[in-house]
Amino acid sequence: MAIGTYAQLQAAAANWLVRADLTARIPEFITLAEARLNRVLRTRLAEVEVAMSTAAGARTLPLPAGFTEPLRLWIETAGERIELPFVEASLMGASSLRGEPGAWTVDGANLKLDRPCDQAYALVLRMLRAFALSDAAPSNSLLAEAPDVYLFATLSEAGPFLRDPELAGTYETKLGRAIAELNAKDARSRAAGLLKTELRDLVCERRA
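Those letters in the sequence shown? Residues 72 to 279, per the working numbering, in order.
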C-alpha cells in the first residue's frame, strides 16, 4: 500500500505489527518516532525559510512554530538580502542603542538581536522545522521522500511497548540503514550544489 499520509502510515504500521489491538497506540508510536527523528536528522527535507518582522524598540521576537535549529538569517531591504552573522547567546552583547541589527542568536524560545531595532525590519530565517504529522497536517516532505524512515522509526518505538527486543532490534537495524541512505542522498545533493557553484566561479574567472 502507498504510505503518503498520516492515516496511511498508521494503517501500514498496524499491518506490519499484525496487531489490531494497537490501533489506538500507533499515533503515540509516531509521535515518539518524530521526536527521535527531529533530534537525529539534519536533512534538506527539514529546511524552510520563514518571513519574520521586528518591532521598533524590540530586540527579541518569538521563534516560529516547529523551530528545531537555526541555519541563517537575513534582513530584507529594498529587495536585497543582507545576511547577519550568528553569535552564541553567551557572547552576545547587550547594546541599548537603537539601530539596524548587526548580529543575532537564539535565546530560549526567542530570536534575539544585538540591539533594539530603530524601526520595523523584515527578516527571513532559514531553519530546520520539526516533522509533525497530524490529521490537520497529514503529510510532509520526509514522509513523501522517505516513508520507510517514518515506518521503521514508528515500528522501532512499538518494540519496547510490546516488550519484544527482537522486534525492536530488527526495526532498529532497518531504521539505521534507511537513515544512512537518506543522509547519503542528502550529502550527494549538497556536494552537487557545491560543485555547480565552484564550476560557475571558475568559468567566470576564466572569462575575466
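Using N, Cα and C, we set each Cβ at its ideal position, and we do this for glycine too.
All values reported here derive from a predicted model rather than from experimental measurement.
Rounded separation between G173 and T139 - CA only: 23 Å
Boundaries (first-last residue) of the beta strand (DSSP E) holding V89: Here V89 belongs to no beta strand (DSSP E), and DSSP marks it neither H nor E.
C-beta contact flag for A215 and R107 at 9 Å: no
Length at least 4, wholly inside the region 177 to 229: the alpha helix (DSSP H) runs in chain order: 212 to 216
Environment of L116 [buried if 16+ CB atoms lie within 10 Å]: buried
8 Å contact criterion, which L39 and R143 should meet: CB distance rounded: The chain is shown only over 72 to 279; residue 39 falls outside these bounds and no answer can be derived.
Delimiting residues of the alpha helix (DSSP H) encompassing A106: I97 to V111
Assigned exposure category for T176 - 16 Cβ within 10 Å defines buried: buried
Backbone CA spacing between A91 and P135 [nearest angstrom]: 38 Å
Neighbourhood of G170 by C-beta, 6 Å cutoff - its chain only, sequence neighbours within 5 removed: R186 and D189
Nearest to T76 (by Cα), restricted to the options R234, G240, S205 and L155: S205
Spatially closest choice to L213 from E243, R96 and L253, by CA coordinates: L253
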